[in-house]
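Undergrad: These protein sequence lines map, in sequence, to chains A and B.
Numbering-wise (my numbering), the first sequence opens with residue 1 and increments by one.
Numbering-wise (my numbering), the second sequence opens with residue 151 and increments by one.
Note that beta-carbon positions come from the ideal geometry of N, C-alpha and C, so glycine has one too.
Quick one: the structure is below, questions incoming.
Protein chains: 2
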Amino acid sequence: MADVLYFEDLTPGRQFRSGSRLLDAEQIKAFARDYDPQPFHTDEIAAAATFFRGLAASGWHTTAIMMRLIVDGEFRPAGGVIGAGVDELRWPRPVRPGDTLSVVSEVVESRVSKSRPEQGIVRVRHTTVNQNGEAVLEIIGNHVVPRRPA
Amino acid sequence: MADVLYFEDLTPGRQFRSGSRLLDAEQIKAFARDYDPQPFHTDEIAAAATFFRGLAASGWHTTAIMMRLIVDGEFRPAGGVIGAGVDELRWPRPVRPGDTLSVVSEVVESRVSKSRPEQGIVRVRHTTVNQNGEAVLEIIGNHVVPRRPA
Numbered sequence: 001m002a003d004v005l006y007f008e009d010l011t012p013g014r015q016f017r018s019g020s021r022l023l024d025a026e027q028i029k030a031f032a033r034d035y036d037p038q039p040f041h042t043d044e045i046a047a048a049a050t051f052f053r054g055l056a057a058s059g060w061h062t063t064a065i066m067m068r069l070i071v072d073g074e075f076r077p078a079g080g081v082i083g084a085g086v087d088e089l090r091w092p093r094p095v096r097p098g099d100t101l102s103v104v105s106e107v108v109e110s111r112v113s114k115s116r117p118e119q120g121i122v123r124v125r126h127t128t129v130n131q132n133g134e135a136v137l138e139i140i141g142n143h144v145v146p147r148r149p150a
Numbered sequence: 151m152a153d154v155l156y157f158e159d160l161t162p163g164r165q166f167r168s169g170s171r172l173l174d175a176e177q178i179k180a181f182a183r184d185y186d187p188q189p190f191h192t193d194e195i196a197a198a199a200t201f202f203r204g205l206a207a208s209g210w211h212t213t214a215i216m217m218r219l220i221v222d223g224e225f226r227p228a229g230g231v232i233g234a235g236v237d238e239l240r241w242p243r244p245v246r247p248g249d250t251l252s253v254v255s256e257v258v259e260s261r262v263s264k265s266r267p268e269q270g271i272v273r274v275r276h277t278t279v280n281q282n283g284e285a286v287l288e289i290i291g292n293h294v295v296p297r298r299p300a
């Protein structure tokens, strides 16, 4: 269990890791039924004839799993993992049944908030990789993080 | 039910609408238990003392609901709603229990793919609003859309 992190701890270049999670076809289809019921996410046979050429996880399923891995991992800002927004979200490669995902988070830059000087904005590149180390999701998150109390 | 849309149909300025969906506290907590188990998403009492000052949906829950509303709505490209990536994702306002969400999608720009001239990339601003018309989620999605067959 990592310590709680304040703005001052989140210096550019610092990296944080998550645990890992195995995703199976049933989980992919269950999420898709609720949130993204398109054939490439719900049915192996129908998926074969689509852009994805086989069953693939919804991109929003992958972001949700990324979030769970981050929340359970080393990147643990005081006040929680709170995003003011995300830049440059990319899914460079599909997530397939049987993939095991994990996240590496690296601080890109940080600045004190102009409007609220008791907190900062920390830009973090969160890269979700599969069991082969291939990126399946890359985001740059802008996190709201409190400064260390005096 | 809208017709299936090809690249040529998705001209800048064209708008598409979704139906709406009511979100309650149980749904917010159920998603959070699976994907984002932080106190501001799982427990009304604990949430009161946090940044959000009350229970709020996980931002990734909001994106998932946005996706479902889009998939069921008027924006229906041939081949499915497929995102090559997202730029400028913002959550300008929390989603609260009792909020009713809907999505307006507007084409921002479109271009034929250089590497695959049989398809195009269409940039679409998807704005998710609550029952008061206030934006709770804004994204610019880069969609892969086939050109109309000759």
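1. Short of 8 Å Cβ to Cβ, which residues in the segment 32-45 of chain A face chain B?
2. Under 8 Å, Cβ to Cβ, is there at least one residue of chain A near isoleucine 290 of chain B?
3. Quick one: which chain A residues come within Cβ less than 8 Å of threonine 200 of chain B?
4. Check whether the Cβ of glycine 163 of chain B sits closer than 7 Å to any heavy atom of the ligand GDP, and report yes or no.
5. For glycine 235 of chain B, go through chain A and note every residue whose CB falls closer than 8 Å to its CB, in chain order.
6. Measure the alpha-carbon distance for arginine 240 of chain B versus isoleucine 28 of chain A and round it to whole angstroms.
7. By how many angstroms is the C-alpha of histidine 143 of chain A removed from the C-alpha of glycine 83 of chain A?
8. Tell me the DSSP bridge mates of alanine 285 of chain B?
9. Out of B:His276, B:Ile215, B:Gly229, which has the shortest C-alpha to C-alpha gap to aspartate 249 of chain B?
10. Along chain A, in chain order, which residues have C-beta atoms closer than 8 Å to that of arginine 266 of chain B?
11. Taking the CB atoms as reference points, tell me whether serine 168 of chain B and histidine 191 of chain B lie closer together than 8 Å.
12. What residues from the segment 52-67 of chain A come within 9 Å of chain B, judged by C-beta to C-beta, listed N to C?
13. Buried or exposed for glutamine 38 of chain A, going by 16 or more other Cβ atoms inside 10 Å?
14. Confirm, please, whether the CB-CB distance from arginine 93 of chain A to valine 108 of chain A is below 8 Å.
15. Out of A:Ile121, A:Thr128, A:Leu23, point me to the one whose CA is closest to leucine 55 of chain A's CA.
16. Rounded C-beta distance between serine 255 of chain B and glutamine 165 of chain B? I'm assuming under 8 Å.
17. Going by Cα to Cα distance, which pick from A:Glu88, A:Arg76, A:Arg125 is closest to isoleucine 289 of chain B?
18. With aspartate 87 of chain A as the anchor, note down where its beta strand (DSSP E) starts and where it stops.
19. Measuring CA to CA, which of B:Asn280, B:Pro267, B:Gly229 is closest to leucine 219 of chain B?
20. I need the boundaries of the beta strand (DSSP E) containing valine 221 of chain B, first residue and last residue.
21. Helix, strand or coil: which one does DSSP assign to arginine 183 of chain B?
22. Are the CB atoms of histidine 276 of chain B and valine 245 of chain B within a distance shorter than 8 Å?
23. 8 Å is my cut-off, CB to CB: does valine 295 of chain B come that close to chain A?
24. Are the CB atoms of valine 295 of chain B and alanine 196 of chain B nearer to each other than 8 Å?
25. Report the residue from B:Thr212, B:Gly270, B:Leu155, B:Phe201 whose alpha carbon sits nearest the alpha carbon of valine 81 of chain A.
26. Can you tell me whether threonine 200 of chain B is helix, strand or coil according to DSSP?
27. Contact defined as beta carbons within less than 8 Å: I believe arginine 261 of chain B pairs with glutamate 158 of chain B. What is the distance between those atoms, to the nearest angstrom?
28. When the Cα of arginine 53 of chain A is compared with those of A:Trp60, A:Glu44, A:Ser20, which residue comes out closest?
TA: Taking the coordinates as given:
1. Asp34, Tyr35, Asp36, Pro37, Gln38, Pro39, Phe40
2. no
3. Gly79, Gly80
4. The ligand GDP is absent from the structure shown, which contains no ligands of any kind.
5. Glu88, Leu89, Arg90, Trp91
6. 26 Å
7. 5 Å
8. B:Val279
9. B:Ile215
10. The contacting residues do not exist; arginine 266 of chain B stays about 11 Å from chain A at best.
11. no
12. Phe52, Ser58, Gly59, Trp60, His61, Thr63, Ala64, Ile65, Met66, Met67
13. buried
14. no
15. A:Leu23
16. 7 Å
17. A:Glu88
18. 83-90
19. B:Asn280
20. Here valine 221 of chain B belongs to no beta strand (DSSP E); instead the alpha helix (DSSP H) covers 209-221.
21. helix
22. no
23. no
24. no
25. B:Phe201
26. coil
27. Wrong, their Cβ atoms sit about 12 Å apart, outside the cutoff.
28. A:Glu44
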